[in-house]
Structures are given as C-alpha cells and as structure tokens.
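S.K.: Take the sequence shown: its position 104, counting from 1, is numbered 103 in numbering that gives the first Met the number 0, and each next residue is one higher.
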Amino acid sequence: MGAQLVPVLEIGGTHATAALVDPSTWTVAPEHVVRAHIDAAGSAESLLSELAAVANRMPSGHADTWVVAIPGPFDYVSGVGRFRGVGKFDDLFGVDLRQGLRDRIDPRPSAVTFVNDAVAFGVGEYAIGAARGHDRAVFVTLGTGVGSAYLEDGHPVTTGAGVPLEGSAHRILYDGRPLEETFSRRAIRSAYSLSTTSTFSVMPDVREIAERSRAGDRVAVAVLRRAFIGLGAALADSIAMFDAGVLVIGGSMAASWDIAEPNIRLGMSGICPRLAYLPIVPAERPTDAPLVGAARWMQETSI
Numbered sequence: 000m001g002a003q004l005v006p007v008l009e010i011g012g013t014h015a016t017a018a019l020v021d022p023s024t025w026t027v028a029p030e031h032v033v034r035a036h037i038d039a040a041g042s043a044e045s046l047l048s049e050l051a052a053v054a055n056r057m058p059s060g061h062a063d064t065w066v067v068a069i070p071g072p073f074d075y076v077s078g079v080g081r082f083r084g085v086g087k088f089d090d091l092f093g094v095d096l097r098q099g100l101r102d103r104i105d106p107r108p109s110a111v112t113f114v115n116d117a118v119a120f121g122v123g124e125y126a127i128g129a130a131r132g133h134d135r136a137v138f139v140t141l142g143t144g145v146g147s148a149y150l151e152d153g154h155p156v157t158t159g160a161g162v163p164l165e166g167s168a169h170r171i172l173y174d175g176r177p178l179e180e181t182f183s184r185r186a187i188r189s190a191y192s193l194s195t196t197s198t199f200s201v202m203p204d205v206r207e208i209a210e211r212s213r214a215g216d217r218v219a220v221a222v223l224r225r226a227f228i229g230l231g232a233a234l235a236d237s238i239a240m241f242d243a244g245v246l247v248i249g250g251s252m253a254a255s256w257d258i259a260e261p262n263i264r265l266g267m268s269g270i271c272p273r274l275a276y277l278p279i280v281p282a283e284r285p286t287d288a289p290l291v292g293a294a295r296w297m298q299e300t301s302i
C-alpha cells in the first residue's frame, strides 16, 4: 500500500488552495485541487470559515495531519498570526490558526503544522522545478511584498554567510530603509503615483504599470527600472556570500519577466560583477511548487 496523500492548504493574499500531494512521486492530482477566493480584509471568524470550507472540499482517505503554507509575519511554531500593517489578514493578529482550523476542518486533523509560503515555494521548485540539480539556491517571490528562501541541498537555511535574519530578504536594508519601501506592490504604485502627471480614478496596479512601460510610458519605465534594479542591488551581497548557483523568481510580478530579469541582473552585477553570469530563472512550477514544497517540508521535518 502506498504512502497516504498529504493534505495541504496554501494561503495567499486573495485566495486559498487545498490539495492532496502524493509523497511517493511529489505530484498533485488535478482532481484533488480546490482554489477559492478569500477576503483578506475579513474578520477572523469569516477568514477561518473560508479557509476551512476550502479544506473541507478534499476527499477523505488522506493523512490526518495538515500542512499550511502561509505568508508572514506569522509565528510558525505556535500557529499564531502576527499580521499588522501589511494590508492583509489584520484581523488574524494574535489568532491561533492551528486551533481555529482544527476546530473547523472535518474530519478533525490530528495536527496542523505551518510553513512560510516562500519556503514552500523554494522546496517545491527544488524538488520538481527550476532549482533541480542546484546545491545552493535562492528563491524570491515578488507580489504584495518580497518573500524569500535560501536552500542548501533542498533544505531551508536561516543562518550563515549571506543569509538574512530568518532567511527573510525583506529584512535587508536598501539605502538605509527596509527593502519593501523600494520594492513592493505598495512602493511601486506609490512611486508611479507621485511621478506621473496623469490622474486616475483608481491607481494602476503593477501589472498595468508594466503594460504602460511596454507602451512607452517613460514614467512607468523609470519607476519599474528603479524598483527592480534596487531589488537586485539589495540582494547582491547576500546571494554572493551564500554562493548561490541560481536565483529563482516567483510571484505575480514574475509575469513581467521581460522587465524584471534584465534590471535585477543589472542591479546585482553593479554591486558584484560576477553575478552578471548567475542564472536568474522564472519558476517552472509556480502553481504546484508551493503545494509540493509544503508537503515535502512537513515530511522531512517530521523525520
């Protein structure tokens, strides 16, 4: 009899995905994936109910320990939310998600464990995606903010040469300020708003700013160039000291690869010339990697 399927819940800023992962092949069966919208501005009760509703759509017969991939700030050991001032999940601050999910998922899990979503993404891309074959790799997810993971032989590293505190690149300072004041959805939209003479009923999001850049909007070009070069410059010393063999980029902003990659490389090589030759690649399995990575992380940490 094969290994039991591992139930995974991935929580993003606008969605939640539940899936069953086969640990014998590290694959996700398409018929065992459910994705649903969630309201990140909702109350703790409504969010917990929404998350459990997604999980409860999984068929029975899987392992009874769930693994949850969730962005920070979060206390992954205690399962308590630390979200505050990040524009999402504010009502989960101080909330025990482990207990809340165990009380609502049917059948009741024997345990619920938590992993950072960027770490899950990295472990997954190492197992089935763009980082296969690389002993040392850095992963960055670009969305609302900057998520990251540093892996050695497929295992997360949180200390050592080049590794920022807790392996979190958003803790790196750039020009004396937190990185996300230069590079984040909020920072890019704000920079564009302050630099353009156009007026908007709704401020363009990063995807639209990228489209404007491709269409020749000089302000959009300058704003995105400055942001991505800044990101590369901020990461350069860390990546060089860690001696990474590849930088894997995921998240919604990776869709603007034609803008992101050359400017990230320019920023890194301006600080450390040898990084001009570092492979910078987009995620190969952006949908499955966080699910597979969360399951693999749980299996390996429970050994």
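Quick reminder that beta carbons are idealized off the backbone N, C-alpha and C, glycines included.
Can you have a look at Tyr-149 and say buried or exposed, based on whether 16 or more other CB atoms are within 10 angstroms of its CB?
M.R.: When all chains shown are included, Tyr-149 counts as buried.
S.K.: Thinking C-alpha only, which one of Leu-230, Gly-132, Arg-34 is nearest Phe-182?
M.R.: Looking at the Cα atoms, Leu-230 is the closest of the given residues.
S.K.: Expressed to the nearest angstrom, what Euclidean distance is found between the alpha-carbon atoms of Pro-332 and Ala-233?
M.R.: No answer is possible for residue 332: the residues shown for the chain start at 0 and end at 302.
S.K.: Between the beta-carbon of Pro-289 and the beta-carbon of Asp-116, is there less than 8 Å?
M.R.: A contact, by the Cβ cut-off of 8 Å.
S.K.: Report yes or no: do the segment 107-121 and the segment 62-73 share at least 3 C-beta pairs separated by less than 8 Å?
M.R.: Enough Cβ pairs lie closer than 8 Å, so yes.
S.K.: Quick one: is Asp-216 buried, meaning 16 or more other Cβ sit within 10 Å of its Cβ, or exposed?
M.R.: So Asp-216 counts as buried.
S.K.: Would you kindly report the start and end of the unbroken beta strand (DSSP E) that includes Tyr-149?
M.R.: Segment 145-151, the beta strand (DSSP E) holding Tyr-149.
S.K.: Decide if His-36 is buried, meaning its Cβ has at least 16 other Cβ atoms within 10 Å, or exposed.
M.R.: By the neighbour-count rule (16 or more Cβ atoms within 10 Å), His-36 is not buried but exposed.
S.K.: Can you give the Cα-Cα distance for Phe-120 and Phe-138, rounded to whole angstroms?
M.R.: Going by the C-alpha atoms only, they are around 8 Å apart.
S.K.: Quick one: Cα of Glu-210 to Cα of Ile-228, how far?
M.R.: Going by the C-alpha atoms only, they are around 18 Å apart.
S.K.: By the 10 Å Cβ neighbour count, where 16 or more other Cβ atoms means buried, how is Ser-147 classified, buried or exposed?
M.R.: With 16 or more Cβ atoms within 10 Å of its Cβ, Ser-147 is classed as buried.
S.K.: With a threshold of 16 other CB atoms inside 10 Å of the CB of Ala-275, please say whether the residue is buried or exposed.
M.R.: Classification of Ala-275: exposed, given that the 10 Å Cβ count is below 16.
S.K.: Can you name, in chain order, every residue of its own chain whose Cβ lies under 6 Å from the Cβ of Pro-278, other than the five neighbours on each side?
M.R.: So the list reads Val-245, once near-sequence residues are dropped.
S.K.: Provide the residue span of the beta strand (DSSP E) that contains Leu-246, from first to last.
M.R.: Its beta strand (DSSP E) spans residues 245-249.
S.K.: From Val-205 to Arg-264, what distance separates their C-alpha atoms?
M.R.: Straight-line Cα distance between these residues: approximately 20 Å.
S.K.: What does the alpha-carbon distance come out to for the pair Asp-21 and Arg-97?
M.R.: Cα-Cα distance, rounded: 23 Å.
S.K.: Along the chain, which unbroken stretches of the alpha helix (DSSP H) at least 4 residues long are found entirely within the segment 176-201?
M.R.: The segment 176-201 contains these whole alpha helix (DSSP H) runs: 184-194.
S.K.: Would you decide whether Asn-55 is buried or exposed? Buried here means 16 or more other CB atoms lie within 10 Å of its CB.
M.R.: Exposed, since its Cβ has fewer than 16 Cβ neighbours within 10 Å.
S.K.: Evaluate the contact criterion for the segment 186-206 versus the segment 247-262: three or more CB pairs, one atom per stretch, below 8 Å.
M.R.: Yes: the two stretches touch, three or more of their Cβ pairs being nearer than 8 Å.
S.K.: Using beta-carbon positions only, say whether Val-145 and Glu-124 come within less than 8 Å of one another.
M.R.: No, these two residues do not count as a Cβ contact at 8 Å.
S.K.: Looking only at C-alpha atoms, which of Ala-214, Ala-243, Arg-213 sits nearest to Ala-160?
M.R.: Of Ala-214, Ala-243, Arg-213, the residue nearest in Cα terms is Ala-243.
S.K.: In three-state terms, what does DSSP make of Thr-26?
M.R.: Thr-26: strand per DSSP, three-state reduction.
S.K.: Give me the residue from Ser-301, Glu-299, Trp-296, Gly-292 with the minimum Cα distance to Ala-129.
M.R.: It is Gly-292.
S.K.: If you reduce the DSSP assignment to three classes, tell me which class Ile-69 lands in.
M.R.: Three-state DSSP puts Ile-69 in a strand.
S.K.: Pull up the CB-CB distance for Thr-316 and Arg-34, whole angstroms please, since I reckon it's below 8 Å.
M.R.: In the structure as shown, the chain begins at 0 and stops at 302. Residue 316 is therefore absent and cannot be evaluated.
S.K.: What residue range is occupied by the uninterrupted alpha helix (DSSP H) comprising Asn-115?
M.R.: Run containing Asn-115: none in the alpha helix (DSSP H); it sits in the beta strand (DSSP E), 110-115.
S.K.: First and last residue of the alpha helix (DSSP H) that includes Phe-82?
M.R.: Per DSSP, Phe-82 belongs to no alpha helix (DSSP H) and is neither H nor E.
S.K.: Give the DSSP-derived three-state secondary structure of Asp-74 in the structure shown.
M.R.: Residue state, collapsed to three classes: strand.
S.K.: Contact check, Gly-166 vs Val-156 under 8 Å by CB: the rounded distance?
M.R.: Indeed they touch by this definition, with Cβ atoms about 6 Å apart.
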